[in-house]
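Chains as they are written, first to last, in our numbering: chain A, 1 to 152; chain B, 153 to 304; chain C, 305 to 456. Data block below; observations after.
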Amino acid sequence: MTAPAGDGTVATVDATVYAELQQFYAGQMQLLDDGAADEWARTFTLDGVFEQNVLPRPWRGRDEIAAKMRAAVGKVAAQQLDRRHWIGMVTARLAGPDVVHTRYYATVVQTRKGGSAELHLSTCAEDVLVRDGGSWLVEHRSVRHDGTAAEG
Amino acid sequence: MTAPAGDGTVATVDATVYAELQQFYAGQMQLLDDGAADEWARTFTLDGVFEQNVLPRPWRGRDEIAAKMRAAVGKVAAQQLDRRHWIGMVTARLAGPDVVHTRYYATVVQTRKGGSAELHLSTCAEDVLVRDGGSWLVEHRSVRHDGTAAEG
Amino acid sequence: MTAPAGDGTVATVDATVYAELQQFYAGQMQLLDDGAADEWARTFTLDGVFEQNVLPRPWRGRDEIAAKMRAAVGKVAAQQLDRRHWIGMVTARLAGPDVVHTRYYATVVQTRKGGSAELHLSTCAEDVLVRDGGSWLVEHRSVRHDGTAAEG
């Protein structure tokens, strides 16, 4: 847990960085839900790591991240599902001049073709983000799925 | 798809405009869910267009938008439903000094009187917004409902 | 209803304050969902009031707010539930140099151990926030649960 300081105060970033982060996450989720796995993978650093507590081991490096996600979005498309990843409740603190640590909730809403919208899953995640020109890249993402016993 | 540039980068707006957009959407959704159809319609330009891929044709102009929405909110009230429209994952780019293109997710949570909250629907939408003094107005809104075949 | 002015316009705050409010709410919800009831209570003023239209009377003062919430989070933990409070659609207006009135939606997503994510409830709330150094504290919170008859 990076962001809440534990004494009721919360480390924060300024409005400029917070707006950058919000737009980064919005764009990243849209790429994912559009099935643009390669473009999505380019929102990670070349040596980026993506770990989820429900997976046996982390995905390491942009190439593996892209390959794994291409397979995942292919399955979603084959099932004719519209998936929407929502990120919210983002806390953030500067960990260096060009490094931000965030903690946030992410949930997935999915709709089957001809079906109704349903909640697919709920998670809590932590990122290490590094500045890349006017935007940000994920250097490390750790996602813990709610309802699971193991810690991510 | 206006916002993601397709190469992993995303066009963005500055923090001032992003905060304006977020507050614009928050206020617009509150007006809608409060059943204030006329006030909600005034968040569109006089010649604003509201199209949804599940409707046979767009609503054109503030008067038609108000009339159609008055009928819609009347039905919701008659069913004693509390509806909450949430907008999130907003990407935005300047398309002119006073014009912004956005793309975002919108979902509706509804609760029947005495009942439990449920997801009503999930969508992805695109707006053309024009500056109106210190706020914004919708010139064109296109909403695609998830789980439907047709493109909006 | 504090924020929408009722004529289609909405009072707003600047990007700096809006980013502060968003990060305040994000941190406050994370404390709650982490079960940190005492730290969460310290996001209220010493004489803060927390009222919900489904409770017989308001919780008054940080001590009572902490005690009541410790009991509530204890029950959630005993049921092995992961709860996520999401706040969104936040409208805000300055009511003084260091006072902000907000109105927003709050929903709870919960996941039982080994179970699926589900919507637990949907609400609309209003806060009076007062500046406390670089952050904010809740002086008064009023939550109305959707689907209930009584007004908060």
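Glycine included, C-beta positions come from ideal geometry on N, C-alpha and C.
Hey, is residue i's beta-carbon within less than 8 Å of any beta-carbon in chain A?
i: Arg-236(B); result: no
i: Lys-465(C); result: The requested residue 465(C) does not occur in the structure, where chain C is confined to residues 305 to 456.
i: Met-393(C); result: no
i: Ala-323(C); result: yes
i: Thr-320(C); result: yes
i: Ala-247(B); result: no
i: Gln-383(C); result: no
i: Thr-154(B); result: Below a pLDDT of 50, predicted positions are generally treated as unreliable, and Thr-154(B), at 38, falls in that range; no measurement from the model is reported.
i: Val-356(C); result: The sequence given here has Gln at residue 356(C), not Val. Taking Cβ atoms only, chain A never reaches closer than 8 Å to Gln-356(C), which makes this a no.
Report the CB separation of residue i from residue j in whole angstroms; it is logged as a contact under 8 Å.
i: Gly-439(C); j: Glu-324(C); result: Here residue 439(C) turns out to be Ser, not Gly, going by the sequence shown. About 7 Å separates the two Cβ atoms, so the contact holds.
i: Ala-341(C); j: Ala-370(C); result: 6 Å
i: Val-434(C); j: Asp-402(C); result: 6 Å
i: Ala-15(A); j: Ala-453(C); result: Their Cβ separation, rounded to whole angstroms, is 40 Å, which puts Ala-15(A) and Ala-453(C) out of contact at 8 Å.
i: Val-128(A); j: His-101(A); result: 6 Å
i: Thr-12(A); j: Gln-334(C); result: No, Thr-12(A) and Gln-334(C) are not in contact; Cβ-Cβ is about 13 Å, not under 8 Å.
i: Arg-214(B); j: Arg-194(B); result: 7 Å
i: Ala-269(B); j: Tyr-256(B); result: Actually they are not in contact, since the Cβ atoms of Ala-269(B) and Tyr-256(B) sit about 22 Å apart, beyond 8 Å.
If you drop the 5 nearest sequence neighbours on each side, which residues of the same chain put their C-beta closer than 8 Å to that of residue i?
i: Gly-8(A); result: At Gly-8(A) the pLDDT is 45, less than 50, meaning the model places this residue with poor confidence and gives no usable figure here.
i: Tyr-329(C); result: Ile-391, Val-394, Tyr-408
Excluding the 5 residues flanking residue i on each side, which residues of the same chain have their C-beta closer than 6 Å to its C-beta?
i: Val-321(C); result: none
i: His-120(A); result: Val-108, Gln-110
i: Leu-198(B); result: Arg-214
i: His-444(C); result: Val-353, Val-432
i: Ala-247(B); result: His-253
i: Ser-274(B); result: Thr-259, Asp-298
Please confirm whether residue i has its beta-carbon closer than 8 Å to some beta-carbon of chain B.
i: Thr-107(A); result: no
i: Ala-407(C); result: This sequence places Arg at residue 407(C); Ala is not what is there. With 8 Å as the cut-off, Arg-407(C) counts as an interface residue toward chain B.
Can you list, in chain order, the residues of its chain whose CB lies under 7 Å from that of residue i, leaving out five sequence neighbours each side?
i: Gly-339(C); result: Val-377, Ala-381
i: Gly-331(C); result: none
i: Gly-456(C); result: The predicted position of Gly-456(C) is uncertain, since its pLDDT is 38 and thus under 50; no value can be drawn from it.
i: Leu-184(B); result: Trp-192, His-237
i: Met-69(A); result: Ala-37, Trp-40, Ala-41
i: Pro-362(C); result: Val-353, Phe-354, Glu-355
Does any CB atom of chain C fall closer than 8 Å to the CB of residue i?
i: Asp-146(A); result: yes
i: Ala-71(A); result: no
i: Ala-149(A); result: yes
i: Val-252(B); result: no
Check your understanding: Would you call the segment 111-124 of chain A and the segment 68-86 of chain A in contact, with 3 or more CB pairs under 8 Å?
Key -> Verdict: yes, contact present.
**Study point:** Stretch-stretch touch, CB-based, cutoff 8 Å, three pairs: the segment 354-369 of chain C with the segment 386-398 of chain C
**Key:** Segments in contact, no.
Point to revise | Contact set between the segment 117-141 of chain A and chain C, restricted to residues whose Cβ is under 8 Å from the partner | key: Of all residues in the segment 117-141 of chain A, Leu-119, His-120, Leu-121, Ser-122, Cys-124 have a Cβ within less than 8 Å of some Cβ in chain C.
Review point. Going along the chain, which residues of the segment 330-349 of chain C sit with their C-beta nearer than 9 Å to a C-beta in chain A?
Key: Answer in chain order: Ala-330, Gly-331, Gln-332, Met-333, Gln-334, Leu-335, Asp-337, Asp-338, Ala-340, Asp-342, Glu-343, Trp-344, Ala-345, Arg-346, Thr-347.
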